[in-house]
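Written as structure tokens, this is what we have:
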């Protein structure tokens with residue numbers, strides 16, 4: 003069994019976000035980059051499958067050389083080899099085309115990734131990849147049981163969950179609690195240094211989306227405090243001042 | 011040319027978020043001097059479909075197909091309708107289902123796409139300019155979408171629902187289903203019925219670890235009921251299984267954008283704030299005056315939830 007896990011290289015969730023003065027570039031000074039949290043659930047699930055079913059895990063990232071520490075971490079967690087598509091991940095369409103190009107002749111039984119990246123929050127790459135490859139896709143997946151070539155999954159829907167069954171191969175966008183995050187051990191960290199990390203050049207993609215400018219939310223005014231003995235006052239403010247009741 | 015809007019339903023009526031999308035579609039159609047066509051898939055009665063007219067649809071395509079509603083099936087139906095109507099823009103509301111539809115449609119229609127857009131797109135020649143939230147609510151981006159066709163999903167509660175649209179003509183339609191749709195076999199569904207959907211609610215009341223245990227959620231539910239609100243929770247609460255995961259609001263949970271978000275006993279970790287920052291008004295009730303959530307709040311009460319919330323319930327009953 004061969005599993006492709008696609009990961010993003012994104013700012014830690016506690017990062018302070020800022021941009022260059024011309025508002026065109028993300029300011030990465032002092033920012034710690036991590037494997038996208040949803041992608042890490044996907045990777046952890048792949049490691050669980052590998053422990054049970056003897057699978058090979060290939061981890062894929064679309065990014066420049068600066069993403070290699072993040073890729074090495076994925077290898078330390080349990081991926082067997084890595085592919086880096088040497089290009090900036092400009093938008094979902096570009097990334098999906100790169101993943102599809104890698105996956106097309108790779109013979110993967112399962113393609114896993116996070117339900118969305120936590121930088122651009124698009125949530126569309128898994129569906130695009132599946133459509134490009136002519137495969138079914140499911141997202142966001144919270145539980146996955148493999149039985150031979152069949153997978154039973156629980157997927158979150160608004161207000162609840164649904165269960166469905168699909169045969170391999172397919173694409174899944176993952177979220178908690180599909181698997182517990184794995185903490186790399188010393189052996190994993192040592193072996194990650196020598197596991198293969200292949201760099202491939204991107205396929206050409208015609209862009210139809212451009213990011214023109216970034217901005218930050220306006221600073222929030224001071225909180226208006228209401229005395230704990232008088233919650234009716236709060237309702238009055240919500241009704242007559244904020245006009246939300 | 012036309013604007014095609016996909017309307018999603020719940021319990022045989024059209025979701026509010028989809029009426030918002032139709033209203034945005036109407037506004038965009040005005041800008042482009044074209045018509046707004048809504049497409050509703052599934053079982054709806056005439057009254058439900060007329061809601062789409064009120065929200066601004068000139069015409070409604072009703073595709074009454076039974077079966078498991080997957081993004082794959084919906085995308086193939088919508089793609090068929092978009093091609094037939096010569097749609098230059100397909101609009102819908104942002105959700106997990108919506109993401110699945112946008113991704114497949116953008117490949118099938120060779121379209122530029124954006125999800126979670128915060129306002130009616132601006133028109134600049136053949137380009138549509140949109141604004142969306144990025145870094146999970148910590149920043150915004152302005153995007154340009156080019157090409158003949160665009161597929162866009164709107165963030166919830168971003169556009170007001172138009173209520174004075176004319177009666178729409180309704181056409182019954184069928185479109186071919188993708189063969190892939192049959193590969194997903196639906197087994198069962200577990201859904202809280204009768205509750206207001208967290209993602210659709212105008213008001214959300216959320217509880218955190220400060221409530222000390224699941225047995226204390228009665229007052230959160232009671233307050234929510236009186237205010238017509240949905241209930242949410244923080245990540246630790248869902249991790250501890252005090253509440254189901256679909257109520258977890260935050261960075262790795264549900265992102266909400268209600269008019270009013272009331273947080274009780276939640277300290278306001280940056281990951282929680284990421285899920286609520288799009289709320290229009292935030293109220294924080296916490297006994298710790300140093301709780302970081304107060305910095306992100308519009309209104310606050312420093313006090314013990316077990317004393318404040320019952321009083322708030324009594325006051326809310328008199329509204």
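Residue numbers (the working numbering), protein chains in the order written: chain C, 3 to 247; chain A, 11 to 329. Just so you know, even glycine gets a beta-carbon here, dropped at the ideal spot from N, CA and C.
Nearest neighbour of residue i, chosen from the options [CA to CA]
{"i": "residue 17 (chain A)", "options": "A:200, A:294, A:52", "result": "A:52"}
{"i": "residue 135 (chain A)", "options": "A:154, A:144, A:123", "result": "A:154"}
{"i": "residue 182 (chain A)", "options": "A:270, A:240, A:75", "result": "A:75"}
{"i": "residue 270 (chain A)", "options": "A:249, A:238, A:80", "result": "A:238"}
{"i": "residue 187 (chain C)", "options": "C:27, C:37, C:50, C:79", "result": "C:79"}
{"i": "residue 190 (chain C)", "options": "C:143, C:59, C:76", "result": "C:76"}
{"i": "residue 290 (chain A)", "options": "A:212, A:70, A:161, A:275", "result": "A:212"}
{"i": "residue 132 (chain A)", "options": "A:251, A:315, A:298, A:41", "result": "A:41"}
{"i": "residue 326 (chain A)", "options": "C:236, C:245, C:244", "result": "C:236"}
{"i": "residue 146 (chain C)", "options": "C:126, C:46, C:36", "result": "C:46"}
{"i": "residue 298 (chain A)", "options": "A:165, A:268, A:312", "result": "A:312"}
{"i": "residue 166 (chain C)", "options": "A:176, A:194, A:164", "result": "A:194"}
{"i": "residue 152 (chain A)", "options": "A:163, A:164, A:139, A:160", "result": "A:139"}
{"i": "residue 149 (chain A)", "options": "A:73, A:37, A:287", "result": "A:287"}
{"i": "residue 73 (chain C)", "options": "C:196, C:219, C:206", "result": "C:196"}
{"i": "residue 285 (chain A)", "options": "A:191, A:310, A:259", "result": "A:259"}
Other residues of its chain near residue i: CB distance less than 6 Å, five sequence neighbours each side excluded
{"i": "residue 93 (chain C)", "result": "211"}
{"i": "residue 204 (chain C)", "result": "87, 89, 100"}
{"i": "residue 50 (chain C)", "result": "181"}
{"i": "residue 196 (chain A)", "result": "78"}
{"i": "residue 73 (chain A)", "result": "51, 87, 183"}
{"i": "residue 158 (chain C)", "result": "142, 144"}
{"i": "residue 173 (chain C)", "result": "113, 128, 131, 132, 137, 139"}
Amino acids of chain C, ordered along the chain, whose beta-carbon sits closer than 8 Å to that of residue i
{"i": "residue 144 (chain A)", "result": "121, 122, 123, 216"}
{"i": "residue 329 (chain A)", "result": "237, 241, 247"}
Per DSSP, cross-strand counterpart(s) of residue i
{"i": "residue 58 (chain C)", "result": "C:4"}
{"i": "residue 310 (chain A)", "result": "C:227, A:294"}
{"i": "residue 96 (chain C)", "result": "Partner(s): none; residue 96 (chain C) has no beta bridge."}
{"i": "residue 175 (chain C)", "result": "C:115"}
{"i": "residue 139 (chain C)", "result": "C:173"}
{"i": "residue 262 (chain C)", "result": "Residue 262 (chain C) lies beyond the residue range present for chain C, which begins at 3 and ends at 247; the question has no answer from this structure."}
Where residue i sits in the DSSP three-state scheme
{"i": "residue 108 (chain A)", "result": "helix"}
{"i": "residue 242 (chain A)", "result": "strand"}
{"i": "residue 232 (chain A)", "result": "helix"}
{"i": "residue 118 (chain A)", "result": "helix"}
{"i": "residue 122 (chain C)", "result": "coil"}
{"i": "residue 80 (chain A)", "result": "coil"}
{"i": "residue 19 (chain A)", "result": "strand"}
{"i": "residue 242 (chain C)", "result": "helix"}
{"i": "residue 226 (chain A)", "result": "helix"}
{"i": "residue 213 (chain C)", "result": "strand"}
{"i": "residue 32 (chain A)", "result": "helix"}
{"i": "residue 91 (chain C)", "result": "coil"}
{"i": "residue 66 (chain A)", "result": "coil"}
{"i": "residue 113 (chain A)", "result": "helix"}
{"i": "residue 147 (chain C)", "result": "strand"}
{"i": "residue 102 (chain A)", "result": "strand"}
{"i": "residue 87 (chain A)", "result": "helix"}
Proximal residues to residue i (C-beta, below 8 Å), its chain only, five neighbours per side dropped
{"i": "residue 300 (chain A)", "result": "none"}
{"i": "residue 23 (chain A)", "result": "54, 58, 61"}
{"i": "residue 12 (chain A)", "result": "39, 44, 45, 46, 47, 95, 96, 97, 98"}
{"i": "residue 247 (chain C)", "result": "237, 240, 241"}
{"i": "residue 255 (chain A)", "result": "248, 263"}
{"i": "residue 202 (chain C)", "result": "85, 86, 87, 88, 104"}
{"i": "residue 14 (chain C)", "result": "33, 34, 35, 36"}
{"i": "residue 217 (chain C)", "result": "21, 25"}
Residue i: contacting residues in chain A (beta-carbon distance under 8 Å)
{"i": "residue 138 (chain C)", "result": "82, 190, 193, 194"}
{"i": "residue 97 (chain C)", "result": "Within chain A, no residue comes near residue 97 (chain C); the closest Cβ sits about 12 Å away, beyond 8 Å."}
Chain A residues whose Cβ lies nearer than 7 Å to that of residue i
{"i": "residue 213 (chain C)", "result": "151, 153"}
{"i": "residue 92 (chain C)", "result": "Simply none; closest approach about 11 Å."}
{"i": "residue 233 (chain C)", "result": "311, 318, 321, 322, 325"}
Sequence-distant residues of the same chain with beta carbon closer than 7 Å to residue i, five excluded per side
{"i": "residue 42 (chain C)", "result": "183"}
{"i": "residue 234 (chain A)", "result": "215, 240, 241"}
{"i": "residue 236 (chain A)", "result": "323, 326, 327"}
{"i": "residue 110 (chain C)", "result": "4, 5, 6, 171"}
{"i": "residue 189 (chain A)", "result": "none"}
{"i": "residue 231 (chain A)", "result": "241"}
Amino acids of chain A, ordered along the chain, whose beta-carbon sits closer than 9 Å to that of residue i
{"i": "residue 177 (chain C)", "result": "255, 262, 263"}
{"i": "residue 165 (chain C)", "result": "196, 197, 198, 199, 200"}
Minimum Cβ-Cβ distance from residue i to chain D less than 7 Å
{"i": "residue 39 (chain C)", "result": "Checking the listed chains, one finds no chain D in this structure; the protein chains it contains are C and A."}
Listed by chain order, chain C residues near residue i by CB distance under 7 Å
{"i": "residue 241 (chain A)", "result": "The contacting residues do not exist; residue 241 (chain A) stays about 11 Å from chain C at best."}
{"i": "residue 136 (chain A)", "result": "Residues of chain C passing the Cβ test: none, with the nearest at roughly 11 Å."}
{"i": "residue 12 (chain A)", "result": "In chain order: nothing, as chain C lies at least about 20 Å away."}
{"i": "residue 185 (chain A)", "result": "Neighbours of residue 185 (chain A) on chain C: none; closest Cβ ~17 Å, over 7 Å."}
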